[in-house]
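Residue numbers (full-length UniProt numbering): 1 to 271.
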């Protein structure tokens, strides 16, 4: 498989993702794809060749191997990685659709934009992003359940019993390097569980942020409506209405005016 092409394709999702989405993408490529390509394929490369049963009956080894390994871990993990990373392409396709729609709108309306930022998670893109998270978490959970059901747990026994035809009786079968394969299997299971946790946290973050935004908008609208319905009026009369008259000041002003009048009369008489 051309994992580098898939990595280049999904690297564009990184700029449209939240912090949890970037952690998820790093987990997928560093702890799952790289481990799968570099180490896991080599560890499971000899599972059929070095599978041995203590019998020389023709066909017994093949039948027992098929019974113990109904599907190869490598092929199951490859399918899991493909199914898990495909929902991210939904987001990229939606963003490309918005960008093309914005270009057509600009050509018709003389440069005005339909979307201020086509990659902004609003409206339909928000729902597309949320659905992609649900699909990613669902695919990872489904494959973990399939792995658990097929192999009866996340364990690889060193000794397996097989009594299927054409085996003459119950024979003992051995796989190569069971401890090493078990460690890699547990590593892939734990990394898948962490990716599921990141998807759940990102869903909670998106929904919580959306609810908080709706609450803020509703509160702002209520404040605007309240301000429109209750216009601000003068609650208290002017301060001048509450000024108390000083009787001594009034008497002094009255006496002063009387003096001025008498002085004026005296001046007129002298003249």
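Beta carbons: idealized from backbone N, C-alpha and C, even for Gly.
When secondary structure is reduced to three states using DSSP, residue 158 falls in the coil class, being assigned neither helix nor strand.
Around the Cβ of residue 28, a 10 Å sphere holds 16 or more other Cβ atoms; the residue is buried. Per DSSP, reduced to three states, the secondary structure at residue 172 is strand.
The C-alpha of residue 220 lies about 26 Å from the C-alpha of residue 118. Proximity to residue 185 across 55, 57, 66 and 77 peaks at 77, based on C-alpha coordinates.
Of the residues assessed, residue 202 falls on the buried side of the cut-off, its CB having 16 or more other CB atoms within 10 angstroms. Bridge pairing for residue 53: 173 [DSSP]. By the beta-carbon neighbour count (other beta carbons within 10 angstroms, threshold 16), residue 109 is exposed.
Spatial neighbours of residue 102 in its own chain (CB-CB distance under 8 Å, excluding positions within 5 residues in sequence) are listed in chain order as 113, 114, 115 and 118. Within the model, the alpha-carbon separation for residue 133 versus residue 74 is close to 24 Å.
With a 10 Å radius around the Cβ and a threshold of 16 neighbouring Cβ atoms, residue 95 comes out buried. In this structure, residue 160 lies away from residue 170, with their beta-carbon atoms at least 7 Å apart. Between the stretch 207-226 and the stretch 32-41 there are fewer than three C-beta pairs closer than 8 Å, too few to call the two in contact.
If you draw a straight line from the Cα of residue 181 to the Cα of residue 127, it is about 39 Å long. Non-local beta-carbon contacts of residue 165 in its own chain, meaning distances under 8 Å to residues more than five positions away in sequence, involve 63 in chain order. Out of 177, 88, 81 and 179, the CA that lies nearest to the CA of residue 144 is found in 81. In the three-state reduction of the DSSP assignment, residue 163 falls in the coil class. By alpha-carbon distance to residue 154, the top candidate from 125, 30, 123 and 188 is 188.
One thing to note: residue 24 has its Cβ within 7 Å of the Cβ of residue 198.
Scanning its chain for C-beta atoms nearer than 6 Å, with the 5 sequence neighbours on each side dropped, one finds around residue 90 the residues 128 and 132, in chain order. Its chain contains 126 as the residues whose beta carbon lies nearer than 8 Å to that of residue 210, once the 5 sequence neighbours on both sides are disregarded; these appear in chain order.
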